[in-house]
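Working notes for the structure below.
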Amino acid sequence: MKRKYKICTQCVMDTTDNEIKFNKHGICNHCIEYTERKKKLINDPVKREKALKDTIAKVKETGKNKKYDCIVGISGGVDSSYVAYLAKQWDLKVLLVHLDNGWDSELAVKNVENIVKKTGFDLYTLVINWEEFKDLQRSFFKSDVVDLELLSDHAIFATVYKLTREYGIKYLLSGENFETEAIMPSSWNWRKSDSTNIKAIHNLYGNLKLKTFPFMGTIKKTIYQYGGVAQSIPVLNYLDYNKENVMKILEDELDWKYYGGKHYESIFTRFYQGYILPKKFNIDKRRAHHSTLINSGQMTREDAIEDLKNEVYPMELQQEDFELVCKKLDFTEDELNEYIKRKPKKHLDYDSDEELYNTILKINRLRKRLFGLR
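0 is the number of the first residue of the sequence shown in numbering that gives the first Met the number 0; add one for each residue after it.
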């Protein structure tokens, strides 16, 4: 039976999230979880500043007598660009890492160039073999799973961890942050370390043998993350992070330009979030992005509701992107339209290491309890 439509009374998350729950006041589980998670962060400004200084000092100490202190992955988007900017202010020795998967917009290329020029940091660009990546993307379209970005995300973190080993780097400075990204339903994407899922889907639908695509499975990632090999630090959580203010700083200091949407520095991501997700999966990620900003006091609920009445992005650009995706991935327009109409499938309809991942989580929780770790 189809669920009756309902929208949260505090944010704009609604029953397009199939797993959403509401309390007696109509407030959704995402808002409630936001409040609980917020309490666990360092919210006192003085303590937060000290924690940030201690973190920077720790990163510099591990980078003594090395070429680099840390890695910053950059896409040209707001968050990663600001981390790179801050790292320059903190006088860190940074290796910038960028993924070129064949879908960068001209603005993304220019933004990355400006970041490198203004900071003086070295840049490592992973240029993915296009024929392999195209075959992988075509496979994921044929599989009808929700997370078409799993491939790019997996490739970048696999490459970053490889570089930490190669250069003896212990820390990654991440652009992930609570103030703009706290809310995202788990059913709207998939875990990025699930190489088993990627390989299973490609084995079923792919045509090429993968010789160069970078893989890193859950076990290896766990060893890196929890074994002290490489640690990711969400440095923006130590700051009073306001998106509008940050964009102004980037424009003034790095000649940075905005794309018009979160993660729209990639043409494929723009089409995926703005066209495929709404039309095939009934998912509008603006709801999650806006709801986070509402909870962090950076957007009003009224403005969010008004914005959601608009097209995700301009119709003429949607048509341009539709035609480009067909051309680059060798789909006819009829094939892509048929894909949009097909019923979605779950990632767990294919082989996955989810059971292994859940076992690792249980072991880690037990380890924390036994040794009093945070």
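A virtual CB, placed ideally from N, CA and C, is assigned to each residue, including glycine.
Who pairs with residue i in a beta bridge, going by DSSP?
i      : result
His97  : Thr124
Gly273 : In the DSSP output, where bridge partners are listed per residue, Gly273 has none listed.
Ile70  : Leu94 and Leu171
Glu53  : At residue 53 the sequence reads Asp, which differs from the Glu that was named. According to DSSP, which records beta bridges pairwise, Asp53 is partnered with nothing at all.
Phe21  : Cys27
Ile182 : DSSP, once it has assigned bridges, lists no residue as partnering Ile182.
Ile6   : Asp13
What first and last residue would you give for the alpha helix (DSSP H) that runs through residue i?
i      : result
Tyr166 : Leu149 to Tyr166
Tyr84  : Val77 to Gln88
Asn28  : Asn28 to Lys39
Asn336 : Glu332 to Lys340
Ile114 : Glu105 to Thr118
Glu130 : Trp129 to Ser142
Please classify residue i as buried or exposed, where buried requires at least 16 other C-beta atoms within 10 Å of its C-beta.
i      : result
Leu347 : exposed
Glu264 : buried
Trp102 : buried
Ala56  : exposed
Ile362 : exposed
Ile70  : buried
Gln136 : buried
Thr118 : buried
Leu150 : buried
Trp189 : buried
Lys394 : Look at the range of the chain in this structure, 0 to 373, and you will see that residue 394 is not part of it.
Met314 : exposed
Asp283 : buried
Which whole-angstrom value describes the C-beta separation of residue i and residue j, a residue pair presumed to lie in contact below a C-beta threshold of 8 Å?
i      : j      : result
Arg269 : Tyr312 : 6 Å
Thr179 : Thr291 : 6 Å
Gly427 : Asn110 : Residue 427 lies beyond the range of the chain shown here (0 to 373); nothing can be said about it.
Val108 : Val234 : About 25 Å separates the two Cβ atoms, so there is no contact after all.
Val115 : Leu147 : Contact doesn't hold; Cβ gap of about 28 Å is too wide.
Leu51  : Tyr237 : 4 Å
Lys220 : Ser192 : 5 Å
Leu207 : Asp134 : 4 Å
Val77  : Leu253 : Incorrect: roughly 11 Å between the Cβ atoms, too far for contact.
How would you write the range of the beta strand (DSSP E) that residue i sits in, first residue to last?
i      : result
Cys325 : Run containing Cys325: none in the beta strand (DSSP E); it sits in the alpha helix (DSSP H), Met314 to Leu328.
Establish whether the CB of residue i and some CB of chain D are separated by less than 8 Å.
i      : result
Arg364 : The structure shown contains no chain D; it holds only a single protein chain.
Please list the segments of the beta strand (DSSP E) lying wholly inside the region 189 to 264, counting only runs of 3 or more residues, in order along the chain.
230 to 232
Runs of 4 residues minimum, wholly inside the region 279 to 304: which ones carry the alpha helix (DSSP H) assignment?
285 to 294
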